[in-house]
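Inspection log for the structure reproduced underneath, given as structure tokens.
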Amino acid sequence: MDMDLEQQLTAALEGRASGVPVAPADLGAVRSRARSIRRRRAAGGAVAGAAVVALVVPVAMGLGGLRSASEAPPVGPAPATSTPSVPAKVCSSTGVAKPTLPAGLPPAVATTWQQIVDAAAACDLSALEALGADAITSYGDKQGITNLRRWEREGDGKLGVLLKVMATTSGVGPDLGGVRFYGWPALSVRHTWSPLTSAERAELETFQKPSEVASFEEMQMYYGWRVGIRSDGTWLYFVAGD
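Numbering-wise (the numbering used here), the sequence shown opens with residue 9 and increments by one.
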């Protein structure tokens, strides 16, 4: 149909050029319709071009986005890192309940008591040696508290016994050169012997054999494991024997 209009326009123009009379109304109508056709064609081409551009741009952007995503490193949780754990020390006090500080002790005595308990519970022999530099662990033995290390090494450790002794009830001993000291168990600093109460026997049997406790009663003397701390906080002894 569009080709017919163009042909009509051409024929009309050719007719005027050849001298054939053409009606002005017919010629105007033909030209008007021809211009309308051209405008529709131009508009259709622009719309089609815009549609193509609108389609191509997102596709291109999408492809670029896909490439970026494929090239980017994967996103995920950071790899877990672990700090090598230091194995806990094991000694004769391992598994023994750590006693709590009793009330009523002088500050210096309480401080030393707590330091001894903390070091023994932690199997810290170096700390115990520093605390007990002048203490004795065996009568007539000048090695002092260093015996604790040897006993642990030989499989006859006494750190667990030390904790159990420190958990007993304390007593106040006689003055040593005018200086008072505190002893554990209380029986170890008692001036005179008296029959054991059930509570005292139960305390002793946490670290002494029942046969040994019976021997103390028979001898009316306590010579089992005991600890002494002077009122100024000096650790005096951790010893057994008479």
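Ideal Cβ positions, reconstructed from N, Cα and C, are used throughout, including at glycine.
Query                                                                                                : Result
Sequence-distant residues of its chain with Cβ nearer than 6 Å to R157 (five each side left out)     : L133
Residue nearest to V197 in terms of C-alpha spacing, selected from L171, G232 and K217               : G232
Range of the contiguous beta strand (DSSP E) that encloses I237                                      : R234 to R238
V125, enclosing alpha helix (DSSP H) - first and last residue                                        : P115 to A129
DSSP three-state assignment for V98, whether helix, strand or coil                                   : coil
Alpha carbon of Y230 to alpha carbon of G249, nearest angstrom                                       : 9 Å
Coil, strand or helix - G112 by DSSP                                                                 : coil
Euclidean distance between Cα positions of L171 and P107                                             : 7 Å
Complete runs of the beta strand (DSSP E) confined to the region 132-212 [at least 3 residues]       : 189-192
Enclosing beta strand (DSSP E) for V247 [first to last residue]                                      : W243 to V247
Endpoints, alpha helix (DSSP H) assigned at M227                                                     : P218 to M227
Straight-line Cα distance separating K97 from T205                                                   : 37 Å
Whether G181 touches R188 by CB criterion (9 Å)                                                      : yes
Distance CB(S100)-CB(E160) smaller than 9 Å                                                          : yes
Cβ neighbours of V169 in the same chain (closer than 7 Å, five flanking residues each side left out) : F215 and W233
Inter-residue CB distance, T145 and V247 (contact presumed, cutoff 8 Å)                              : 6 Å
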